[in-house]
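In my numbering, the protein residues as written are 30 to 536. The structure appears right after this line, and notes come after that.
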Ligand SMILES: [Zn+2]
């Protein structure tokens, strides 16, 4: 059996004005492009492709790689980037023909500079090459904004069930098994989806606690225990994308039972809809969060999550509001990961380790993440930038935010600030340890992360506080200027009437 694989994966924050370019994709440890057999470099990693490779080996399936391109979340993907990687994938598929199935690795919320539905375009292009009878299956991120075209073109779609996404390998493996079942004609996937008039903040999709989305996801797991259900998915959507089809959606794939798929997709949607008021997120004012951390007993570790400026949601990554709060409060034993400011990094490197520098830091990218901060500190460390993630999420992969500097403010035991050349999204203890900061030995850890930090940091945190700072991954969705999102939609519109019995598509 020959399964061709490849894909393009990026999560697009359409409020981020800086586009995502070919150069970004090709920047090592920031973007990731694997051509042909290079894909197997992901063997053993905690990624979707890592899961697919391991499962293919276990099942004795011949995996034919084309091109897989991925990039950290950011602005809309340029047409040049999409066309480049799409054409490489299509050429790889043509060269591999005849194939038994296609396993496409997608994110699900990628938007192009001139099209909101990149995944729909890619799926359609591949369908055209392989024809109507070769099954196409794709694993999807939980933050997928599901388009009609995606469902109409793929034979089956399978989403993550965890946020932080610690189940990426498992989801890839599940998608491959589903595809193999279809190729062998052991099953006939019948897929239905339900898209709700509901947009919710990322922070309410977390699965490390009993969030509203998790209730529906738990039910999806139960459904997958039934022999007729091949996959059941609850997508939270990616709210920081102004696209018509954004928001919460459910997908159920059954074995040759479209009516059951329809009913279960609606059942999962009903769970989300009934809980719609519970999705509200109410972050804590920055001064209150800092005061709580400073008043806590010796040995406490308070994580202050700067959830509105999460690099993993494609923000600027240069908001300095929490740092300003730390300076104002004269906080001690505080470490900030990370503030993107290439100019400040260059100034620190020019000054050299041990030098005192006075800088204006952050807040320069787009005016949407608060003002810069003036500070004086000592250059404690200069680092080339790359380090390996320890997990639980994406373990074994190497990442880099470019050259990284640690500034020490108010001497040892004061405030340590990491400055980077590119935006970060601290999801792993090594975001501190790689730069000489032991996170378990700091009273305050400031993380620019909406939720991915939770898998690694909740176990070491005395308390996690989501703070209310400015940024384009803020849970205050009413502050975003949506122009293309379908309306009415809850909670942006107050009196939304809806029930899952309303017409929606089935394939
Ligand atoms: Zn995601």
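Ideal Cβ positions, reconstructed from N, Cα and C, are used throughout, including at glycine.
With 16 other Cβ atoms within 10 Å as the buried cut-off, status of residue i
i, result
"residue 162", "exposed"
"residue 174", "buried"
"residue 495", "buried"
"residue 533", "Caution applies to residue 533, whose pLDDT of 47 falls short of 50 and renders its modelled position unreliable; the value that the coordinates give is listed next. Looking at its Cβ environment, which holds 16 or more other Cβ atoms inside 10 Å, residue 533 is buried."
"residue 126", "exposed"
"residue 238", "exposed"
"residue 441", "exposed"
"residue 514", "buried"
"residue 522", "exposed"
"residue 350", "buried"
"residue 89", "exposed"
"residue 503", "buried"
"residue 516", "exposed"
"residue 528", "exposed"
"residue 160", "exposed"
"residue 268", "buried"
"residue 581", "Any property of residue 581 remains undetermined from this structure, which presents the chain solely from 30 to 536."
"residue 455", "buried"
"residue 57", "exposed"
"residue 123", "exposed"
"residue 137", "buried"
"residue 465", "exposed"
"residue 285", "exposed"
"residue 42", "buried"
"residue 184", "buried"
"residue 372", "exposed"
Where the beta strand (DSSP E) through residue i begins and ends
i, result
"residue 406", "402-412"
"residue 200", "No beta strand (DSSP E) contains residue 200, which is instead part of the alpha helix (DSSP H) from 197-212."
"residue 181", "Where residue 181 is concerned, there is no enclosing beta strand (DSSP E), although the alpha helix (DSSP H) it sits in stretches over 177-182."
"residue 415", "415-417"
"residue 515", "Element bounds for residue 515: n/a, residue is neither H nor E."
"residue 31", "31-38"
"residue 429", "427-429"
"residue 13", "No answer is possible for residue 13: the residues shown for the chain start at 30 and end at 536."
"residue 48", "Residue 48 -> no beta strand (DSSP E), and no H or E assigned at all."
"residue 492", "492-497"
"residue 575", "Here the chain covers residues 30 to 536 and nothing more, so residue 575 does not appear."
"residue 224", "218-224"
"residue 98", "91-100"
"residue 473", "473-476"
"residue 188", "185-188"
"residue 132", "130-133"
Element boundaries [alpha helix (DSSP H), containing residue i]
i, result
"residue 378", "371-380"
"residue 323", "315-324"
"residue 395", "First-last for residue 395: undefined, no H or E at that position."
"residue 145", "Per DSSP, residue 145 belongs to no alpha helix (DSSP H) and is neither H nor E."
"residue 122", "108-125"
"residue 462", "459-462"
"residue 485", "483-486"
Residue i CB to nearest heavy atom of ligand 3 below 7 Å
i, result
"residue 304", "Ligands in the displayed structure: ligand 1; ligand 3 is not one of them."
Cβ of residue i within 8 Å of any chain C Cβ
i, result
"residue 319", "The structure shown contains no chain C; it is built from a single protein chain."
message: Tell me which residues pass a beta-carbon proximity test against ligand 1: closer than 5 Å to any heavy atom, given in chain order.
response: 170, 172
- request: Could you tell me whether the segment 340-348 touches the segment 473-481, using the rule of 3 or more Cβ pairs below 8 Å?
  value: yes
Start-end ranges of the beta strand (DSSP E) lying completely within the segment 241-276, minimum 3 residues: 258-264
message: With three or more beta-carbon pairs closer than 8 Å as the criterion, would you say the segment 363-373 touches the segment 420-429?
response: no
- prompt: Does the count of Cβ pairs from the segment 311-319 and the segment 446-465 closer than 8 Å reach three?
  reply: no
task: Starting from the N-terminal side, write out each stretch of the beta strand (DSSP E) that is 3 residues or longer and does not extend beyond the segment 54-81.
output: 60-64
message: Counting beta carbon pairs with one atom in the segment 425-433 and one in the segment 81-97, are three or more of them shorter than 8 Å?
response: no
task: Can you check the segment 281-362 for any alpha helix (DSSP H) of at least 4 residues that lies completely inside it and give the ranges in chain order?
output: 287-303, 315-324, 350-357
message: Below 8 Å, how does it come out for the segment 281-296 and the segment 252-272: are there three or more Cβ pairs, yes or no?
response: yes
message: With a threshold of 8 Å, are at least 3 pairs of Cβ atoms found where one atom belongs to the segment 205-218 and the other to the segment 292-309?
response: no
message: Pairs of beta-carbons, one from the segment 374-388 and one from the segment 399-413, closer than 8 Å: are there three or more?
response: yes
- prompt: Per the contact definition of three or more C-beta pairs closer than 8 Å, is the segment 119-135 in contact with the segment 260-272?
  reply: No, the segment 260-272 does not touch the segment 119-135.
- prompt: How about the segment 225-245 and the segment 109-124: do they share at least three Cβ pairs that are nearer than 8 Å?
  reply: no
- prompt: Between the segment 301-311 and the segment 71-82, do at least 3 Cβ pairs fall closer than 8 Å?
  reply: no
message: Runs of 4 residues minimum, wholly inside the segment 429-457: which ones carry the alpha helix (DSSP H) assignment?
response: none
query: Is the segment 194-212 in contact with the segment 487-501, if contact means three or more CB pairs nearer than 8 Å?
result: no
query: Are at least three pairs of beta-carbons, each pair with one atom in the segment 194-204 and one in the segment 470-478, less than 8 Å apart?
result: no
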